[in-house]
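Notes to accompany the following structure.
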Amino acid sequence: MRFAVTLLGLLACSLPTFADATTYDGRHDLRKIELSVVYFVPKDRKPLPDWRDRVDYYIKRVVEFHKRELDGISTVVPVIHPKPLVSEFESSHFRRGDQNQTFFSTMEAVRNQLPWKPDRKNGFPVLLVLSDINWRELDDFRRVRLVDGKEVHEGNIARNGRHFPGAESGGSRATYIGRPGYGMGLVSADGWRVPYSGSDCVIYHEGLGHSIGLPHPDPIDDTVMGTAQYRFWINQATLNTEQKKKLGWKPLDKPIDRSKELFTNFSATPTPNVPRVGQDVQLVMAWPNEAKLKSVRLRVQTDLFGEWNAVPVEIGAKLPERIRLGRWEKPTPVSYRIDVELTDGQTAEIWGYFQVKP
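Structural data, given as structure tokens:
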């Protein structure tokens, strides 16, 4: 389970009051969050060729989730650094000590290079770093690491065989600084480079949740600040109701009907969860009420640095309950991404991952 390194500044005066959203402790206005996003690459690493697609996908989802869960009282404005931030240091520099040391050395390097100034002129400032490395060396696409010269599996797999983020070699961390008021989150490579279901939850958990002061729920639950990353894509997750109230949210007199929202109701889950060589893989589709499909684009990838290959999809008169993804003639990891547009103009995208076994 990931956790926050929490540093709370002490205030001698009473806490300020705001008309709407505040940080978890009530100290800072949260009506607008300026989320600065950086893809951080040590100098001995090769940046992902499609890094911007991945970053845009995740950030769009966490922004939409935050807006939905707080009914619009808090808005996230992302500012994505236009190119990979390549460090002057190699990976080994950031792997000294424990995972906390990796967090602090990474954030220091990023802040020195940008530079990043959390002055709150454009909203509550949060720095989110998506790192190209883990605390320890890990092949996050194949989910293996070397132990005594032998490859061993490392990564979270549910009982039904679905892949979710989480690895001992990771190192995601976050901190909320109550005074003067800003947050910082680090998502290690195992939390985002490969699109396991729940990776978007990790990015929210660290990059927004802990960074605005949210703790883990007590008792723990399956909301986004709890264990959602091990069960859901973020559109299927929720924020803990009591935590929402601490941020200034109040239940609406008439809750918004979200049954027709594409973001909230769309998913594409592979079946079988653990396909074998030569076995057909399909995506089990979930749609919002009254949806009418205008277009769909489906792509797959079997090499983290390789091409995304298009998969033809025929659109019929009815919404497809299943879409054929393909079959593979040798064991391989597979990432997929599916983009859809409805006739009412709504668009959504889901990325996922599975492994074909012998």
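Numbering (mature numbering (1 follows the signal peptide of the UniProt record, and there is no 0)), first residue to last: -19 to -1, 1 to 339. Don't be surprised by glycine CBs; every beta carbon is placed ideally from N, CA and C. These figures come from a predicted structure and were not determined experimentally.
- For Ile158, the uninterrupted beta strand (DSSP E) run begins and ends at 154 to 158, by DSSP.
- In this structure, DSSP gives Ala170 a helical state, which the three-state scheme calls helix.
- When the alpha-carbon of Glu118 is set against those of Asp25, Val43, Arg318, Met88, the nearest one is in Asp25.
- Closest option to Ala155, judged by alpha-carbon separation, among Lys13, Ser72, Leu108: Leu108.
- For Gln224, no pairing in a beta bridge is given by DSSP.
- Within the segment 70 to 152, the runs of alpha helix (DSSP H) at least 4 residues long that lie entirely inside it are, in chain order, 72 to 75, 80 to 94.
- Counting other Cβ atoms within 10 Å of its Cβ, Leu127 stays below 16 and is therefore classed as exposed.
- The beta carbon of Glu132 lies closer than 6 angstroms to those of Val125 in the same chain, with the five residues before and after it left out.
- For Arg33, the enclosing alpha helix (DSSP H) has its first and last residue at 32 to 50.
- In this structure, Gln94 lies near Leu66, with their beta-carbon atoms less than 7 angstroms apart.
- The Cβ atoms of Phe122 and Pro314 lie closer than 7 angstroms to each other.
- Judged by DSSP secondary structure, Tyr20 falls within the beta strand (DSSP E) whose first and last residues are 13 to 22.
- In the same chain as Pro176, and ignoring 5 residues on each side of it, the C-beta atoms closer than 7 angstroms to its own belong to Ser316, Trp332, Gly333, Tyr334, in chain order.
- For the 7 angstroms CB-CB criterion, Val22 and Pro28 form a contact.
- In the three-state DSSP reduction, Glu187 falls in the helix class (H, G or I).
- Rounded to the nearest angstrom, the gap between the Cα atoms of Ile193 and Val18 is 15 angstroms.
- Sequence-distant Cβ neighbours of Glu149 in its own chain, meaning closer than 8 angstroms and more than five residues away, are Arg117, Glu135.
- Under the three-state reduction of DSSP, Asp181 is assigned to helix.
- Following the DSSP letters along the chain, one finds Thr250 in no alpha helix (DSSP H) but inside the beta strand (DSSP E) bounded by residues 248 to 252.
- Cβ neighbours of Phe213 within its own chain (closer than 8 angstroms, five residues either side excluded): Ser178, Gly179, Cys182, Asp203.
- Counting along the chain, the unbroken beta strand (DSSP E) around Ile319 starts and ends at 313 to 323.
- DSSP, reduced to helix, strand and coil, places Asn290 within a strand of the structure shown.
- Residue state for Ile331 is assigned as strand, using DSSP reduced to three classes.
- Distance from the CA atom of Tyr185 to the CA atom of Gly159, rounded to whole angstroms, is 19 angstroms.
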